[in-house]
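Enquirer: Protein chains in written order, with the working numbering: chain L, 101 to 567; chain G, 101 to 567; chain W, 101 to 567.
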Amino acid sequence: MLLHDDRLFPSDPVTRGIARRLYATIRDLPIISPHGHTDPRWFAEDQPFADPATLLVKPDHYIFRMLYSQGVPLEKLGIPRKDGSKVESDPRAIWKLFASHWHLFRGTPSRLWFEHALSSVFGINERLSSDNADRLYDRIAEKLQEPDYRPRALFERFKIEAISTTEGALDDLKWHDMIRASGWGGKVVTAYRPDSVLDPEFEGFAANLEQFGALTGEDVMSWSGYLAAHRQRRDYFRERGATSSDHGHATARTANLSKADAEALFAKVVAGKVSAEEADLFRGQMLTEMAKMSLDDGLVLQIHPGSSRNHNPRLFERFGRDMGADIPVRMEYVAALKPLLDAVGNEPNLTVIAFTLDETTYSRELAPLAGHYPALKLGPGWWFLDAPEAMLRFRELTTETAGFYNTVGFNDDTRAYLSIPARHDVARRCDCAYLARLVAEHRLDEDEAAEVAHDLAYRLAKEAYRL
Amino acid sequence: MLLHDDRLFPSDPVTRGIARRLYATIRDLPIISPHGHTDPRWFAEDQPFADPATLLVKPDHYIFRMLYSQGVPLEKLGIPRKDGSKVESDPRAIWKLFASHWHLFRGTPSRLWFEHALSSVFGINERLSSDNADRLYDRIAEKLQEPDYRPRALFERFKIEAISTTEGALDDLKWHDMIRASGWGGKVVTAYRPDSVLDPEFEGFAANLEQFGALTGEDVMSWSGYLAAHRQRRDYFRERGATSSDHGHATARTANLSKADAEALFAKVVAGKVSAEEADLFRGQMLTEMAKMSLDDGLVLQIHPGSSRNHNPRLFERFGRDMGADIPVRMEYVAALKPLLDAVGNEPNLTVIAFTLDETTYSRELAPLAGHYPALKLGPGWWFLDAPEAMLRFRELTTETAGFYNTVGFNDDTRAYLSIPARHDVARRCDCAYLARLVAEHRLDEDEAAEVAHDLAYRLAKEAYRL
Amino acid sequence: MLLHDDRLFPSDPVTRGIARRLYATIRDLPIISPHGHTDPRWFAEDQPFADPATLLVKPDHYIFRMLYSQGVPLEKLGIPRKDGSKVESDPRAIWKLFASHWHLFRGTPSRLWFEHALSSVFGINERLSSDNADRLYDRIAEKLQEPDYRPRALFERFKIEAISTTEGALDDLKWHDMIRASGWGGKVVTAYRPDSVLDPEFEGFAANLEQFGALTGEDVMSWSGYLAAHRQRRDYFRERGATSSDHGHATARTANLSKADAEALFAKVVAGKVSAEEADLFRGQMLTEMAKMSLDDGLVLQIHPGSSRNHNPRLFERFGRDMGADIPVRMEYVAALKPLLDAVGNEPNLTVIAFTLDETTYSRELAPLAGHYPALKLGPGWWFLDAPEAMLRFRELTTETAGFYNTVGFNDDTRAYLSIPARHDVARRCDCAYLARLVAEHRLDEDEAAEVAHDLAYRLAKEAYRL
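#1: What do you reckon, are the CB atoms on F222(W) and R239(W) nearer than 8 Å?
#2: Can you say whether I158(G) is buried or exposed, counting buried as having 16 or more other CB atoms within 10 angstroms of its CB?
#3: Nearest to P173(G) by CA position, among G283(G), A436(G), E188(G), is which residue?
#4: Does chain W have any CB closer than 8 Å to the CB of R353(G)?
#5: Determine, using beta carbons only, whether M431(G) and A329(G) come nearer to each other than 8 Å.
#6: Can you find a C-beta in chain W that's less than 8 Å from the C-beta of Y433(L)?
#7: Does the beta carbon of F205(G) sit closer than 8 Å to a beta carbon anywhere in chain L?
#8: Would DSSP call Q332(L) helix, strand or coil?
#9: Can you give me, in chain order, the residues of the region 416–432 of chain W that have a beta carbon less than 7 Å from any beta carbon in chain G?
#10: Flag N412(L) as yes if its beta-carbon sits less than 8 Å from any beta-carbon of chain W, otherwise no.
#11: Determine the contact status of R120(L) and D139(L), defining contact as a CB-CB distance below 8 Å.
#12: State yes or no: is the beta carbon of T115(L) nearer than 8 Å to at least one beta carbon in chain G?
#13: Using beta carbons (cut-off 8 Å, strictly below), is D525(G) in contact with chain W?
#14: I'd like to know if the region 120–136 of chain G and the region 536–547 of chain L are in contact, where contact means that at least 3 CB-CB pairs between them fall below 8 Å.
#15: Using only CA atoms, which one of P488(W), I453(W), R181(W) lies nearest to A533(W)?
#16: Going by alpha carbons, who is nearest to T154(L) out of S345(L), L177(L), A291(L)?
#17: So with Cβ pairs under 8 Å, would you call P480(W) a contact of chain L?
#18: Name the residues in the region 453–477 of chain G whose C-beta lies less than 7 Å from a C-beta of chain L; which are they?
#19: With 16 as the cutoff for other CB atoms within 10 Å, does A490(W) come out buried or exposed?
#20: Could you list which residues in chain L have their beta carbon closer than 7 Å to that of Y168(G), in chain order?
#21: Check whether the region 294–301 of chain L touches the region 375–388 of chain L, taking contact to mean three or more Cβ pairs, one atom from each stretch, closer than 8 Å.
#22: For G268(L), which beta-bridge partners are listed by DSSP?
#23: Give the range of the alpha helix (DSSP H) segment to which V400(W) is assigned.
#24: Can you list, in chain order, the stretches of the alpha helix (DSSP H) that have 4 or more residues and sit fully within the region 337–403 of chain W?
#25: Mind checking the region 396–410 of chain W against chain G and listing, in chain order, the residues whose C-beta falls within less than 8 Å of any C-beta there?
#26: Are the C-beta atoms of A487(W) and some chain G residue less than 8 Å apart?
#27: Name the DSSP beta bridge partners of K477(G), please?
#28: Looking at R206(W): is its Cβ nearer than 8 Å to the Cβ of F504(G)?
#29: Closest to E339(W) by CA distance: which of L415(W), L399(W), H201(W) is it?
#30: In the structure shown, what three-state DSSP assignment does S322(L) receive?
#31: Give a yes or no on whether the minimum CB-CB distance between R192(W) and chain G is below 8 Å.
#32: Which one or two residues does DSSP pair with A435(L) in a beta bridge?
#33: Compare the C-alpha of I263(W) against each of G286(W), A241(W), A124(W) and name the closest.
#34: Near T482(W), what residues of its chain come up, given a Cβ to Cβ distance below 8 Å and the 5 sequence neighbours on each side ignored?
#35: What separation, rounded to the nearest whole angstrom, lies between the Cα atoms of P110(W) and L108(G)?
#36: Using a C-beta to C-beta distance shorter than 8 Å, which residues of chain W count as neighbours of D106(G)?
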């Protein structure tokens, strides 16, 4: 069997026994997925997924990045080129190429997630290899045609109580409307991600801004009109269930300029005349503006900073964004968040959730900040830090200062649909492993650990995100 | 029972067995507390502590910080406001509010320390909760009136062999004089903390400097007189038992200017005309001056850098300093300490102890520096790094390069009196847990581990601090 | 017995059992030592080593650094002074001084390496101490005179399949020629380390450059001639077995200037008129030039950055380089490597191996970079990070993102000949310990773990370095 019942639990029998007992109390809890990138169209149309490669390989940059690092051209994995030139189009060939490199994923989370999907979704309990690639392809492809493998059926099978997608400020949210109109009971909400109309360095910013004005009827070339447009779109998103906004800036910088200075800066932004420094300042100012809007409308503010995007220009030219070439950089939060925290950090009814790709900030900056400011909570391990070892380090590095209750449960943050239950299961197991050690070392009683396990698996995400 | 005999020991039976045996040899060693913030007045007057909230909640920023982060106003915890406006004055109400938030401390060191005090000092072996808050309050309040619970009796019960308080350069040390005059045998020494007359950016620096001159009779507006005043005060402190000075700068920067440059810089300091950069340079210069004075008078130089103090201005305005809003920042030691080390780093009779709030510097900078320079020793985990997981990381990150003998044992660094035995106990247990793993993995023999355990628990602190 | 069969394996019986089984399959594999600093003269002349102190104490900065940090003057350890003044010359006295400080090495890798050498090379299974120092000295001294203890015999006893030394660009490689001419079958290759003719801040750079020209007959004062001289020397080194170049810069900075800009910069270099910034830029440019040459000649490019060399000027004045006063500094790779990666990072046939002394970059920068770029591989823990705890952290911090197959096995990087089998043994044991945990936690199957163990111990180094 691929999936051992005790996977990810420490080997010591006492600790493992505690971990098992804790996990047994939470394994079947519904999934709260408060931040992610699934496609709402899946749930709106509820069409079958095309084939194994299109479902499991092509959209997963954790997977094609690893193959690329070992010399496999992305063309051979069917990743479309911007110039439209030919790439591999046979999903079976892609699948087999992937299978022949399966050893590369030893020790990685992709391995855990993928095998969880194989086993729990498709009932496949053998290790992928060149030898069985064809047979497994057929089995999965066949299943995908069955009604039980359509997006909504899987949603229910996965016990997803609520899931948030992420849409740009200009999105019309038609798939969300279609989901609601369909009468289907699955709770799929959106999140407000305004980078394209907020980051002066975003591709096509000027055109985006114009569209932002057209969409809202506001004079978005004036500072007050621009803010009003955001307020209006936030309301539009909230009406489609949004409970959060999300911001993916290069740094965690925030600012809190006077109205006059903000207006002057915005005028430069509109004129397309900002320096890199001013663009960064503007993004920082907008985080504080968003936080202030949150005071009124209740959206949770998520800050996902610290990725050097599109690090590989040759890849970017050929394939575009999100090709696995986003690399974390060193982060600073203490000075960066100060303007925002000065403005709204003491507000107990505001929730700002900070994430990081730089785990050196956990014990030094983020846990101390989250352990002090009422408005600030600490998001879970994200992206390069979303795997078992990193999850354990997250708890080890933050709990002693911030405790459990200044964290917000788990985020899967994925567009790989089938990995969602796998990721939540890994997070639950890792938290139980951590808690079991605390209990085995007599640092926490088991009844308390069980309560914490439940909180981390379910309650904290639900409450922090108001879902 | 709240306190399990095996707490903090790894669950693996072999390792736990070794840890137990090691710990048994050191558990009853006297406490050397070479750096901390207890109030010497306690020992001078030996009056009963007022009530449970005043003893255990109000002075402990680890505790009220956590409640504040979850939306509890400091006013409700009885923290006095600078404007004198009304705050909660009923200690029982404060205690009950605290008790109702006890779950927040799961997984934190405060939990361990607090329960150790409840159990070992008050004989209370039940978990704090809203249900028993009243009863426990009464029990503690009652005990506090007994002679056995006065500061000196507790000192003896805690087996404190020596404790250092910390006083500012302008302090008259009258409580220390009173302790000595009393004939009581407890060894309570002071430490020289001259920040208020050394840091040009300290609140009231100009007035402090004037007072410094009045107190010493030196011309402290001249560079040579200023240095002479420090020498005089160091002597005054040494006569009250001081064996160390302590310096809490924002960075670890040191400098070693020519006499002419130092004089010119000091003239600007006196004139109140230093830039932020020059203020930092002056603090750095003074660390080297202090090290040079240490060559003569033997005081150990402690450097406690890296906190962004008073990060929350609204809190600072309302409540002042030390309200849990001091946040660590990223540190650099290799270039920062070089001027001081160039000047005195090769002196085998000098002891400079460097601390950090940024554990990323342990393996990269501090262990390599302490593993080379005869004058430099590495202080233990401090503040946000003083809890079990962080203590283990400290050993794991420093031992391979610096060994055990370039470290200096444990510092509790606390003003929470009842937590002192608890903190030392946690440190001893964590060191035994670390050593037990080395033994279980055949990296160290058990007889050697026992010697190291004794050194870490007792000898190294005593020798490094010359107590 | 000093060396327990289970040393470095986790104490938990299940995990230890797996680790034992894995290790049994790789313990006797030959050693691939692709990067190090042994003296080729040893293998050329095959003369006996002089005495225990000269073999084991004096050349090992891990050892004398630790004694120095505790106040032992280097003169007493026989380290020669630059001014020729007298230092201890009695090897027995040095040995005894060392033995009397043996406790300092508790918990350090030196302890493990040294005892491995004592036991496996000299059959000594007692702990070094002042009491047995004389006796052990005699025993080792006696053995060193036997034929079985000469360099080549040890080479064979150590099962070294291939070892790389490191020589400067100006070295005539005569010892390597002599090894080859001798008919001895041991594979000892060189590596091209051109720092002395590439780093404008290297001692004697101008004279070195002249010698570089004389040696190659190229016009090394012109940019094209300078590059041609490097190509010629690389060929000369390749003919003596070199498969790699190595570069020990202060930072990981790379550059990819236009030809005109490179020429202009080189003209300044030749004129001795570069600023510190320009010197750094030139070093960065040369890394990219070297990578481009590697595309042609197949040498693997090793980057060993991040040490602040000769941090202690007093020591440097007295004793020179490599005296244990090189201190790691904070590193940055994401921006630093970008110019080189932009130029050649997508080349699947190029191998660039990045090392670090700053482990905070493992999960944040190096694993993400190595997990993406086909040309980039991640070197193992190096120097301050080459001991058991650090090796485990290396795997824990990199595997989830980069997997095992973007790493390159182990490098001992030592001039301490007798520590080579010990270091490889420690690395193999630590990797088995890590893999055993993955197996025990059902994250990897044991048959796969065995394959990975073999790869990490042997195949990856052999293939990455083309040995």
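Positions of the beta carbon are idealized from the N, C-alpha and C atoms, including for glycine.
Expert: This is what the structure holds:
#1: Locating residue 222(W) in the third sequence gives position 122, counting from the first residue. Locating residue 239(W) in the third sequence gives position 139, counting from the first residue. In this structure, R239(W) lies closer than 8 Å to F222(W) by Cβ.
#2: As a first step, residue 158(G) must be located in the second sequence, where it is residue number 58. One point to set straight first is that residue 158(G) is Lys, not Ile, in the sequence displayed. Flag for K158(G) reads buried.
#3: Within the second sequence, numbered from 1, the residue matching residue 173(G) stands at position 73. Among G283(G), A436(G), E188(G), the Cα nearest to that of P173(G) belongs to E188(G).
#4: Start at 1 with the first residue of the second sequence, and residue 353(G) comes out as number 253. It does not: the Cβ of R353(G) has no partner Cβ on chain W nearer than 8 Å.
#5: The sequence position of residue 431(G) within the second sequence is 331, counting from 1. The sequence position of residue 329(G) within the second sequence is 229, counting from 1. In this structure, A329(G) does not lie closer than 8 Å to M431(G) by Cβ.
#6: For this step, residue 433(L) is matched to residue 333 along the first sequence. False, the Cβ-Cβ gap to chain W never drops below 8 Å.
#7: As a working note, residue 205(G) is residue 105 in the second sequence. Chain L contact via Cβ: present.
#8: Counting from 1 along the first sequence, the entry for residue 332(L) is found at position 232. Three-state DSSP puts Q332(L) in a helix.
#9: G424, A425, I427, P428, V429, R430
#10: Here residue 412(L) is taken as the residue at index 312 of the first sequence, counted from 1. Yes - at least one Cβ of chain W is within 8 Å of the one on N412(L).
#11: Numbered from its first residue, the first sequence carries residue 120(L) at position 20. Numbered from its first residue, the first sequence carries residue 139(L) at position 39. Cβ distance not < 8 Å, so R120(L) and D139(L) don't count as in contact.
#12: Here residue 115(L) refers to the residue found at position 15 when the first sequence is read from its first residue. Judged by the 8 Å Cβ criterion, T115(L) is in contact with chain G.
#13: For the purposes of this step, residue 525(G) is taken as residue 425 along the second sequence, with counting starting at 1. For D525(G), the answer is no, since every Cβ of chain W falls outside 8 Å of its Cβ.
#14: no
#15: Taking the first residue of the third sequence as position 1, residue 533(W) is located at position 433. Ranking the options by Cα distance to A533(W), first place goes to P488(W).
#16: For the purposes of this step, residue 154(L) is taken as residue 54 along the first sequence, with counting starting at 1. Minimum Cα distance to T154(L) is reached at L177(L).
#17: The residue you call residue 480(W) lines up with position 380 of the third sequence. It does not; no Cβ of chain L falls within 8 Å.
#18: L457, D458, E459, T460
#19: Within the third sequence, residue 490(W) is the residue found at index 390, counting from 1. Classification for A490(W): buried.
#20: Position 68 of the second sequence, counted from the start, is the residue given in the question as residue 168(G). H472, P474, listed in chain order.
#21: yes
#22: By 1-based counting over the first sequence, the position of residue 268(L) is 168. Per DSSP, R293(L).
#23: Indexing the third sequence from 1 puts residue 400(W) at position 300. Looking at the DSSP string, V400(W) is not in any alpha helix (DSSP H); the run it does join, the beta strand (DSSP E), is 400–403.
#24: 359–370, 376–397
#25: S408
#26: Position 387 of the third sequence, counting from 1, holds the residue named residue 487(W). Yes, contact with chain G.
#27: Your numbering for residue 477(G) matches position 377 in the second sequence. For K477(G), which the question treats as bridged, DSSP gives the partners I453(G).
#28: One-based indexing of the third sequence puts residue 206(W) at position 106. One-based indexing of the second sequence puts residue 504(G) at position 404. Yes.
#29: On the third sequence, position 239 is the one that residue 339(W) refers to. Out of L415(W), L399(W), H201(W), L399(W) has the C-alpha closest to the C-alpha of E339(W).
#30: Indexing the first sequence from 1 puts residue 322(L) at position 222. Reduced to three states, the DSSP call for S322(L) is coil.
#31: As a first step, residue 192(W) is located in the third sequence; it is residue number 92 there, counting from the start. Not one chain G Cβ lies under 8 Å of R192(W).
#32: On the first sequence, residue 435(L) is found 335 positions in, with the first residue counted as 1. DSSP output for A435(L) lists no bridge partner at all.
#33: Translated into the one-based positions of the third sequence, residue 263(W) becomes position 163. When each option's Cα is compared against that of I263(W), the closest is G286(W).
#34: As a working mapping, residue 482(W) is identified with position 382 in the third sequence. The question names Thr, yet the displayed sequence has Trp at residue 482(W). Only H404, F455, T456, L457, N511, D513 meet the Cβ criterion.
#35: The residue you call residue 110(W) lines up with position 10 of the third sequence. The residue you call residue 108(G) lines up with position 8 of the second sequence. Using only the alpha carbons, I get a separation of about 18 Å.
#36: Here the question's residue 106(G) lines up with position 6 in the second sequence. Here the premise fails: no neighbours, minimum Cβ distance about 15 Å.
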